[in-house]
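In what follows, a single structure is set out as C-alpha cells and then discussed.
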Amino acid sequence: MRNKFIAFLLIAAVVFGALGMLNVRAQDATLLIWADDTRAPILEALGAKFKEEFGVDVKVQQLGFGDIRSQVKTASPAGEGPDIFVGAHDWIGELSKDGLLEPIDLGDLAQKFTEASLNGFTYEGVLYGMPYAVENVAFVYNPEIVKEVPKDFNEVRKLSEELIKSGVVKYGFVRQSGDPYHFFPIQTAFGGYVFGYKEGVGYDATDLGIDSEGSIAALKWFEGMVKDGLQPAGVDYDVMHTLFTNKEAAMIITGPWALGDRLRPSGVPYAIAPIPGGGKPFLGVQGFMINAFSKNKELAKAFLFDFIAAEDIEVTAVGKDGVERTGIPMVLFGFDRP
Numbered sequence: 009m010r011n012k013f014i015a016f017l018l019i020a021a022v023v024f025g026a027l028g029m030l031n032v033r034a035q036d037a038t039l040l041i042w043a044d045d046t047r048a049p050i051l052e053a054l055g056a057k058f059k060e061e062f063g064v065d066v067k068v069q070q071l072g073f074g075d076i077r078s079q080v081k082t083a084s085p086a087g088e089g090p091d092i093f094v095g096a097h098d099w100i101g102e103l104s105k106d107g108l109l110e111p112i113d114l115g116d117l118a119q120k121f122t123e124a125s126l127n128g129f130t131y132e133g134v135l136y137g138m139p140y141a142v143e144n145v146a147f148v149y150n151p152e153i154v155k156e157v158p159k160d161f162n163e164v165r166k167l168s169e170e171l172i173k174s175g176v177v178k179y180g181f182v183r184q185s186g187d188p189y190h191f192f193p194i195q196t197a198f199g200g201y202v203f204g205y206k207e208g209v210g211y212d213a214t215d216l217g218i219d220s221e222g223s224i225a226a227l228k229w230f231e232g233m234v235k236d237g238l239q240p241a242g243v244d245y246d247v248m249h250t251l252f253t254n255k256e257a258a259m260i261i262t263g264p265w266a267l268g269d270r271l272r273p274s275g276v277p278y279a280i281a282p283i284p285g286g287g288k289p290f291l292g293v294q295g296f297m298i299n300a301f302s303k304n305k306e307l308a309k310a311f312l313f314d315f316i317a318a319e320d321i322e323v324t325a326v327g328k329d330g331v332e333r334t335g336i337p338m339v340l341f342g343f344d345r346p
C-alpha cells in the first residue's frame, strides 16, 4: 500500500477488532445507507457480502456529500431517511440537537480508535458516530526540487529564496491567502493559537490568541514573504495548486482532497511531510452515523460494529475516478492499491 498519505489520514486504529458473531441472520429488513460517490461503491460491495453471509439486504443510495446532511434533516423525521449515513464530525452538534442522531456505545471497540477521532464525534459527552477517517492538511513538496524538508518556516523562507535565486522555480513556498484554515498550521508553528487550551479542562473561549505573540509573528512572517516577492498576493486554491503542478512552486500546504483532482492527474512528483516547526493543523473526522428515527437501529449497529469493523472484511470496488480500492481501510481512508 502506498503510504504517502498516512500523514494526512492518521487514524492509528484502522484495524478494528470484531465484537463477536452477528445475530442478524434472515431478518425481514433492509438497511438503507446514504453515502457519497466516493464511498458508495465499496459500501455496495460490503452490502452484498453482508447479504450473502447474513441474508439481510443492504441498499446504498448515492448523494452528494454536501447534500447528505440537509436531506437527513428533512427526510428522517418523516420516516424517509436512511438507517446509516456517512458524514463529517462537524455535523453532529446541529443534528444531535435536532434529535436526529442515535447515541453510539462502542464498548471495547472504542480502544481501537484514536482519541482524536472519537472526540470528533462526541458532543456534550455523548458519542454519535463511528469514525473511519481523520484528515488534515500537511506540507506537500516536490521531492525532485526539495531534497530536505525545512525544519521550520524560517527555513521555508530561506529555501524559497535559494530556489527562486537559482531559477529552479518561480516561487518556493506558496500558500492559499485569506484562509484561516490553511494559515492555522503556520500560526501554531510560531506558537500562536485561536483559543487557549488547558489540559483536563479543554478550550477556553475567553482566552483569545489571535493577537498573541506567536500569532503576530506568523502574520509578520507571511507579510514578509509577500512583501519580498517570495509569495504572490491573492493566491486562491486553484492558483496555488496550478503553481505546484506546473512546477512553478515547490512547496504548498494542502489536504487529501487535492489528491484526486490535482496532484495525481498532474503527474507531478510529490511527497508529504508534517507541518514544519511542529505546526498543528485543524483535524477533520468522517464516520458513520445512525438515524435516530430508524426502525432498524440494532441491525444498523450490528452492521457497523460487528461487520464493517471486523478486521477480516475485505472487498474490492472501483470508484468513479477509476481507482480500484480494496478493503474498508483503503477505500474509506483514501489509499490506493500498491
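Heads up: take any position in the sequence shown, counting from 1, add 8, and you land on this note's numbering. For each residue, glycine too, the CB sits at the ideal point set by N, CA and C.
Going by other Cβ atoms of all chains shown within 10 Å of its Cβ, with 16 needed for buried, is residue i buried or exposed?
i           : result
residue 254 : exposed
residue 101 : exposed
residue 166 : exposed
residue 80  : buried
residue 295 : buried
residue 195 : buried
residue 289 : buried
residue 211 : exposed
residue 277 : exposed
residue 203 : exposed
residue 34  : Low confidence applies here, because residue 34 scores a pLDDT of 43, under 50, leaving its location unreliable and the question unanswered by this model.
residue 264 : buried
residue 91  : buried
residue 216 : exposed
residue 273 : exposed
residue 69  : exposed
residue 119 : exposed
residue 352 : The first residue shown for the chain is 9 and the last is 346, placing residue 352 beyond what the model contains.
residue 149 : buried
residue 131 : buried
residue 214 : exposed
residue 298 : buried
residue 140 : buried
residue 242 : exposed
At the level of alpha carbons, what is the spacing between residue i and residue j?
i           : j           : result
residue 270 : residue 244 : 14 Å
residue 145 : residue 72  : 22 Å
residue 240 : residue 109 : 45 Å
residue 129 : residue 103 : 12 Å
residue 170 : residue 225 : 22 Å
residue 286 : residue 156 : 16 Å
residue 325 : residue 178 : Because the pLDDT of residue 325 is 45, which lies under 50, any placement of that residue in the model is unreliable, and the question is left without a value.
residue 74  : residue 96  : 10 Å
residue 189 : residue 317 : 31 Å
residue 322 : residue 257 : With a pLDDT of only 48 at residue 322, under 50, the local geometry of the prediction cannot be trusted, and no value is derived from it.
residue 187 : residue 133 : 31 Å
residue 114 : residue 314 : 10 Å
residue 308 : residue 112 : 11 Å
residue 220 : residue 233 : 20 Å
residue 252 : residue 151 : 12 Å
residue 56  : residue 66  : 7 Å
residue 160 : residue 236 : 19 Å
residue 279 : residue 44  : 27 Å
residue 58  : residue 98  : 29 Å
residue 302 : residue 42  : 13 Å
residue 192 : residue 78  : 28 Å
residue 249 : residue 267 : 11 Å
residue 246 : residue 64  : 45 Å
residue 117 : residue 125 : 13 Å
residue 143 : residue 262 : 11 Å
residue 52  : residue 86  : 25 Å
residue 106 : residue 312 : 23 Å
residue 185 : residue 154 : 22 Å
residue 83  : residue 137 : 19 Å
residue 54  : residue 47  : 11 Å
residue 222 : residue 205 : 15 Å
Residue i bridges to which residues according to DSSP?
i           : result
residue 261 : 147
residue 203 : 216
residue 66  : 39
residue 72  : BP columns for residue 72 are empty, so no partner.
residue 210 : 206
At which residues does the alpha helix (DSSP H) containing residue i begin and terminate?
i           : result
residue 224 : 221-235
residue 192 : 188-197
residue 48  : 48-62
residue 247 : 245-253
Along the chain, where does the beta strand (DSSP E) containing residue i start, and where does it finish?
i           : result
residue 173 : Element bounds for residue 173: not the beta strand (DSSP E) but the alpha helix (DSSP H), 161-174.
residue 157 : Where residue 157 is concerned, there is no enclosing beta strand (DSSP E), given that its DSSP letter is neither H nor E.
residue 242 : Taken as a continuous stretch (DSSP letters only), residue 242 belongs to no beta strand (DSSP E), as it is neither H nor E.
At least one CB of chain D closer than 8 Å to the CB of residue i: is that the case?
i          : result
residue 62 : The structure shown contains no chain D; it holds only a single protein chain.
* To do: Enumerate, from N- to C-terminal direction, the unbroken alpha helix (DSSP H) stretches of 4 or more residues contained entirely within the stretch 79-148.
  => Taking only runs of at least 4 residues, the alpha helix (DSSP H) segments lying wholly in the stretch 79-148 are 100-105, 123-128.
* What are the uninterrupted segments assigned as beta strand (DSSP E) that are 3 or more residues long and contained completely in the stretch 268-320, given in chain order? -> Listed in chain order, they are 279-281, 292-298.
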